[in-house]
Structures are given as structure tokens and as C-alpha cells.
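Single-structure report; data block below.
There are 2 protein chains.
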Amino acid sequence: MKVAKFGGSSLADANQIRKVCDIILSDKDRRLIVVSAPGKRNKEDTKVTDLLIALADKYYKEGKADAELQAVIDRFDDIVKGLELSSDVTQMVADDLKKRLECSNGDKDKFMDTMKAAGEDNNAKVVAAYLISKGINAEYVNPKDAGLLLSEEYGNARVLPESYENLKLLRERNKIMIFPGFFGYSKKGDVVTFPRGGSDITGAILAAAVKADVYENFTDVDSVFAANPNIIDNPKPISTFTYREMRELSYSGFSVLHEETLEPVYRMEIPVCIKNTNNPSAPGTTIAPTRKLDNGPVIGIASGTGFCSIYISKYMMNREIGFGRKVLSILEDEGLSYEHIPSGIDNMSIIIEQKQLDKVKEERVVKRIKDELKVDDIKIEYDRALVMIVGEGMMSTVGIAARACSALAKANVNIEMINQGSSEVSMMFGIKAEDNVKAVKALYDEFFN
Amino acid sequence: MKVAKFGGSSLADANQIRKVCDIILSDKDRRLIVVSAPGKRNKEDTKVTDLLIALADKYYKEGKADAELQAVIDRFDDIVKGLELSSDVTQMVADDLKKRLECSNGDKDKFMDTMKAAGEDNNAKVVAAYLISKGINAEYVNPKDAGLLLSEEYGNARVLPESYENLKLLRERNKIMIFPGFFGYSKKGDVVTFPRGGSDITGAILAAAVKADVYENFTDVDSVFAANPNIIDNPKPISTFTYREMRELSYSGFSVLHEETLEPVYRMEIPVCIKNTNNPSAPGTTIAPTRKLDNGPVIGIASGTGFCSIYISKYMMNREIGFGRKVLSILEDEGLSYEHIPSGIDNMSIIIEQKQLDKVKEERVVKRIKDELKVDDIKIEYDRALVMIVGEGMMSTVGIAARACSALAKANVNIEMINQGSSEVSMMFGIKAEDNVKAVKALYDEFFN
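Chains as they are written, first to last, in UniProt numbering: chain A, 1 to 449; chain B, 1 to 449.
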């Protein structure tokens, strides 16, 4: 059994929905389908979810938003007509929206979640109606009936553990199931939505619950690439990489999935396949628990800018028990998350995303570290880039660091920080942000050309 | 004004003391002299301090230890005779020891400190008596009179801040002052000793207090070397290195000073010169706040074995605020100090000295990290070596990492961990302990041959 999730751009109009249904029908194992709300049809278009937010906002304030309501109905009507379905389907959508608007006299967060969820919910019904109209044994599945129970955190819900037992039963249904993404229900029976990446989360939960053979995630790219296509022309596509490699590549800036969303399938060791709705015959990219190491030691190069390094030095730092813990406690108090802590004997550099620091917070953090830890020196170096080379094969290959460092030296890139833990699945170089493009090119040439 | 400290082997017998006095007199700036207790005259010999401990232990238990007392008196008498001093000097030592033994009916720690300090104290008096017998304007300085006040932590005292104001006045005395190392006095007036390296600490405190031009530390080596002489034949001597470089080289296993002891001179930016009593014309090694970078980018290679790496992995670790702090809190609770924390996105390796972990503690730490932090994986990798290349010049030189990694690759050493903070004064490689010698040789060849 395969769980397939289709994103908003894959379901933006009738034509796209036809493509999606062809994809569904082309593989009899694709039985549990997660759909997003209709996305943008072109660059200037508005996503249905954004139309719904505008509708809900205005209606909550003014008790009336006829034009905004009509805009949503028109988007669905357009799809219904394009799919040559009965106008009853549009009427069903309109009735559903009106019913949801009736909740506007309660809690705003609850109302917003009810409204936002309408895009996925109605789209699932439309897709199911279309498949049924073609004589396919398909059905819309209501997340409430299926038992997708979430914590009562509007807009930021987490799945409750009992959901998995409930959803497991979907495995037994002998139909193609169309399941709306992005939301579930609280124990009280109210609609609650996931944070961003919501439909991906629904798909991952379903795939884990039914122990799917694969979780297919259809987007609008053919595959994940070995390097950022904005830096490297036509970078090599990655056919398979491991969860660990995917995580280490997360600075890449060309990520197609929120990795948080994959935790349920990661735990169940279910492979994820990223495929292109508009080119479904392309093999896509598979993320698996393990892979054959037949592709060279390095599978990808990721880089990100916008980092800074907080450099701290103190004589005899390495003999002061509790020093590192105290530094990290101060960062935690200030809500700062860090990436790496490369260190010398008497100094440490804490690498963080610099957007986390404004002038006030920076001054407070520096003052606290100075005063509470009596350091000899502290300074913040801005505009650093982190460049990572990633690959499970690096562990078993002597000389990777030599090749990487030599390539960077030849490109005249000064390596300010280096970090490699004993997993040996990645190696990090901290450099000046201005050297980022040069560094990625040099490393790509070394390991891929 | 120079402060010169002479260690136990430099003062082991009359001949050595004559050499020391020649050294003192050969430079009129050497005016404040710190002496240790007489050390070993040969490999089988016993240090006076150890004789004193044996005497004190037995006397405390049995109220009598004639043979042990005589052994100490004999050592001093030997020196006194060798220096052709009056037998009154030996009598003074014997009287002093007997007076100290009278304190045996009190607190044991206090008694032990009083007894241990007798080695340095009487040796300072003997050296002063010898200089005076030669017609030199010299004097023994009593730390109590000079105002060297310490915390009341027997065997582990710290200097009290007011000592610096008191000791500053020594600058004004127009004599060669012989100051016993290793001990001072509590505010109550009792003898208290420093932890190990005690005479070095006394010297550093005096040098800082009188703002010495240099703190000379006379031992029995000509200089500090660029690599461990047990691994590299005739390694290059280091003529000058910085405090930071000295600290980064502290894994070297051929350290001649306890670095903790240098904190007072480090703070005052006073250079330290390590010299050989038996070869005083050799230039020695100077440790200074800064140095000319005229010696190549790498000044030394240090390595140490006996480390292990605690490897922890958890999906989405880098997004879990507080994760690192919690790991370090557990280590702190368990009294473990760590060296470095190289990391990937979802994993961290904590490098610690493995002698800190016994089986029971290991199991407890692993269990706590598993249970409290819900990690995916934790394992301990034993018998790792840390190899450091160190040099202030590395910062301004592109390509050091490439040269180091290439040298290690050529020697077929697999680099498991790499760590370099933005100070760029050192680069650490974590490798298997069995590769340690191979790695040091390869790096020495690369940077020094």
C-alpha cells in the first residue's frame, strides 16, 4: 500500500486534478491519497487557503464578507465545471462554507482553523466526486471518522498517539481513499490545523499508521539535487539518500519538504519518494533509512548564509566544569538555538542564525556572558556561511577532508571553522558569507565533476 | 626586575645549589628568587617533601618518628656540609622541624600542611645563608611577613586578592630575596599549601605582584619542543610561543609547567621564560602574550590518547532548544569534564578523558541521556586520540587544513572528528589511538621537515 500526497500546485485546477487522478490510477497500490487545498494556477494567483483566511478575517470582524465568500466558491466552481461534475458539488462546497461561517461568534483561533481547513476538506470531496464520476471505487474520508485526533493547539497542533491505532484501520478499506491534509480534530470534536507543511504531516502520519511501503510526496520538482541549482548549473539529481543525509543537507536552501513533518515515517523506517506531478515518469528522489553506497563518498553539498559566530575565550576554560553548560543556559534563556559549537582549549565559537539577534538581545547576551562567566574575550562575527559536504560514504573513505580542504584552499577560501562529529556523515566548514558561492563551486567540482 | 623560580631537581644537593646561586648572581635583575624543596639527586632518591610526608604521617599516628625525622635532618645536613656552612644551620633546620611536630595534636590537614611546607621554607633559609656566607646582600623572606595570604583550604589553597598589594612592596627591597615556594598563610596565621605545582604558583604570584619584566622558571630541560620527543627524534625547539599556543599544546604530554599556575602572570601579560639550570646559557623557551609570526604557520603538534567519544543522535536535534544544555547538565551532575563537542545536524560527539568513566558511571550516564533526552542512539567509542596542530599564524594562512588533512590521508589515518573554532589558533583531529604516532609523524613531516 502506498500513501501519496499531492500539494497545492498539483491540484490548482481541473487539468491538474485530472493529472493527479491519472497518477493515482496508474498504480493500484496508491490507495490512500492526501490532498492539499487548490494552490496557485500562475504566479499572480491566490491560493484557496489565502482566500479562506481573507474571508474568515473579514467575516469575523464585520459579520459579512460576500465578495470574499464568492471568490472561494468561484474557485471551486471553476474546478467542478472543468471536471464536468454536477453543479450539486459546487452547492455542497457553498453550503459547507456557510456552515463554517456560523462558528464566527466564538473563539477566533478556533474559527480560523475551521475556515482554513475548508480548502483541503472540500478539495478532497471534489477529487473523490471526480473519481466516482469516472466509475472508480473511491471515497472521501473524513478525518474525524477516521480518528485523526490532535492536541487542542489551534494552528500548531500535534498528533495524539491514539490516532495511529485508529488510522491503522484504513488499511482494511478496499477503496481509493481521498483524505484531506492539514487538519484533524480535537477530542472535543473541533477542527484543529497543523503548523506549516500541514498536508505533508498528514501524509506522514497516515503512512506510518498504515505501515505504507512508501510515502509518495508529489510536488513540482523532478528530484532533489546534489547542490543548489542557483549556484551550480544543472546539478546532479540525487536518486536516493538517507534520512541522515537529508537532515545534514537541510541548510541547502532548496529543500522541498519540511523535515519535521517526516518524523512519523522516519520512526517507522518508511521510505519517502519525492516525485513531480507534471513528470510522473521521472524516478524522483527517495529518502530511505539506508542506501547502497555506490555513488561516491559525497552525495550532496549544502550551504547557508546568515549565520554568526559568538566567540568566547577564557584562560583555562576547558578545566572549568560547567562552563559550556552555563553558556548554553544563557542562550536558552534568551530563546536562541545554536547550530554547532566548534572549540579550542580555551575558546568556543557558538554558531547561530543571526536573524535571532537584534541589537538589544545581542547586547544583553554579550553582557550576561561577560558578567556571569567572567570571560576574557567575547565577540560576535557576522555574515558567516556554513558549507556542508554530506554523504554516508565519507565514513569509510580516508582522504575526504583532504580533498575538501584542498579544493577550498585552491579556491582561496579561508576556512574559519571546521566541525565533524564521529557520525562522519557530514563535514562543516564555517567561512565568510562572501566566499559561499566560490566554496560550493569548488566542492562541487571536486566531488561531482 | 626578574622573578626566578628553581625547581626541586635544581636544588637537590649542594652542587646544584651552587649552580643556582651562580645563575642568580650572573644577572643583577634576578632579585626575587623562589625555591622548591630539595628534589631527587638520582632516580632512586626520595624528595624532601616525600620524606616530610612520611615523617608527618607516622608522627601523627604514633607521636614518635625518630628515624623519619633524622632522614630529613640528614638531607639538609648533607647540603649544609656541602655548602661549607656552619652546623648552626643544620641545627636551625632541626629546631624548626621539632617545633612543627608540636602541632600534631590538632587538625590533621593543618598539621600536614605545616610539615610539608618545611621543605621549601628551610631550603630558602639554607640558600639565603649560603649567599650571605659568600658576602652577598641576600635575605630569606618569610611569606607571612611578606603578606602572602591564602584561603584556608589545606593542600588546595588559593591566593587572596590582598596579597598582591602586600607583595608589591618587595619591589622596594634592595637585596636578593629568597622566597620559599608552595605555601603561604591563612588570615588566622596558619601555614596553608597550594595544590600541585605549588612553587610555580608562588613564582607567578610574585611576578605578577612586583610586575616583573619576566618570570623565569628554571627546570631541567633546555626548551619546549614542537612535538613530543618520545614520538619525533630531536624535535625542533620552540623559542617563543604565546599563552594561547601553550594552552592549545597542553595535550602534548611533555608539558613542563602546570598551566593553571600561570594565570597570575597571564593576566598581567608578563612573559615566562623556561630555562635549564644545568645549561643556563641555552636560550630556553619564552611564553609571551604575543609573538612575531616569523616561524611558519604551525608552531607545534600536540597529541594525547586516553579519550573517548560519547556519540548521541536524535532526529531534529538541532531544532530542540535546550538539548545541548541538558546533555552538558547531565555530564556536570556526574562530575565529567569534556574537551570538545563536534556535531552534525542531528548528532553530537562529546569527547572526554575516558579515565573519568568507570563501568558504573558509564552505564548511569548512558541511561540518563537515553531516558531524559529520548535520544535515538547513544554509543561510546573508546581509545581515541586527539591530535592538535597549533599556531597563531594559521589564522592568516589559507590551506593549513588542506595540508594537514592531506598529510593524514597520505599516512592512511582516518579522521573521525575535526574541530576548529574561529580563533583558528588550533585544529583538532579525533582519530583512533592506534593511529596516534603515525598521525603526529605525518603532521610533523608536513609542517617542520
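Ideal Cβ placement from N, Cα and C applies to all residues, glycine included.
- Using a 10 angstroms sphere on the CB of D74(B), the tally of other CB atoms stays under 16, which defines it as exposed.
- A direct Cα-to-Cα measurement between E424(B) and A227(A) gives close to 28 Å.
- Bridge partners of P237(B) according to DSSP: F225(B).
- Exclusion of the five residues before and after P229(B) leaves P235 as the residues of its chain whose Cβ lies within less than 6 Å of its Cβ.
- Considering only S309(A), G421(A) and K275(A), the residue with the shortest C-alpha distance to S223(A) is K275(A).
- Neighbours of M268(B) in chain A, taken as residues at a C-beta separation under 8 Å, are lacking, since the least C-beta distance is about 12 Å.
- For N419(B), the closest of I350(B), E381(B), A442(B) and L101(B) by C-alpha to C-alpha distance is I350(B).
- Contact annotation: A117(B) and V191(B) have beta-carbon atoms nearer than 8 Å.
- One alpha carbon belongs to N123(B), the other to I178(B), and they sit about 9 Å apart.
- Residues of the stretch 279 to 308 of chain B with a Cβ closer than 8 Å to any Cβ of chain A: none.
- For the options E353(A), L149(A), S309(A) and S337(A), the alpha carbon positioned closest to that of S343(A) is the one of S309(A).
- The beta carbon of V365(A) is closer than 6 Å to those of E334 in its chain, skipping five residues each way along the sequence.
- Three or more beta-carbon pairs drawn from the stretch 296 to 304 of chain A and the stretch 385 to 393 of chain A are found closer than 8 Å, and the two stretches are therefore classed as touching.
- Taking a beta-carbon distance threshold of 8 Å, P235(A) does not count as an interface residue toward chain B.
- In the displayed model, V93(A) falls within a helix according to three-state DSSP.
- With at least 16 other beta carbons inside 10 angstroms of its own, V3(B) counts as buried.
- Under the three-state reduction of DSSP output, N347(A) falls in the strand class.
- Distance from the CA atom of G393(A) to the CA atom of V298(A), rounded to whole angstroms, is 7 Å.
- Here K58(B) has A65 and E68 as same chain residues with Cβ atoms under 7 Å from its own Cβ, once five neighbours each way along the sequence are excluded.
- As computed with DSSP, S86(B) is found in no beta bridge at all.
- Counting only Cβ-Cβ distances below 7 Å, G399(B) has contacts in chain A at A409, in chain order.
- F182(B) sits in coil when the DSSP states are folded into three classes, being neither helix nor strand.
- Beta bridge pairing from DSSP links Q420(B) with I418(A).
- Here Y164(B) has A209 as same chain residues with Cβ atoms under 6 Å from its own Cβ, once five neighbours each way along the sequence are excluded.
- Between I312(A) and I270(A), the gap from beta carbon to beta carbon reaches 8 Å or more.
- Among the CB atoms of chain B, one or more fall inside 8 Å of the CB of S349(A).
- When rounded, the separation of the alpha-carbon atoms in D358(A) and R196(B) is 46 Å.
- In this structure, L167(A) lies near A146(A), with their beta-carbon atoms less than 8 Å apart.
- Taking a Cβ-Cβ threshold of 8 Å, the residues of chain B close to S426(A) are G344 and I345, in chain order.
- With contacts defined by Cβ atoms closer than 8 Å, I431(B) and E416(B) form a contacting pair.
- In terms of CA proximity to K98(A), T114(A) leads the group S86(A), T202(A), L85(A) and T114(A).
- Cβ-Cβ distances below 8 Å link G135(A) to nothing in the same chain once the five nearest sequence neighbours on each side are left out.
- Using a Cβ-Cβ distance cut-off of 8 Å, the stretch 289 to 298 of chain A and the stretch 316 to 324 of chain A are not in contact, since fewer than three pairs of beta carbons, one from each stretch, lie closer than that value.
- Straight-line measurement puts the Cα of S9(A) at about 30 Å from the Cα of L169(A).
- Under the 8 Å criterion on CB atoms, R196(B) is classed as non-interfacial with respect to chain A.
- Around the CB of S281(B), fewer than 16 other CB atoms lie within 10 Å, so the residue is classed as exposed.
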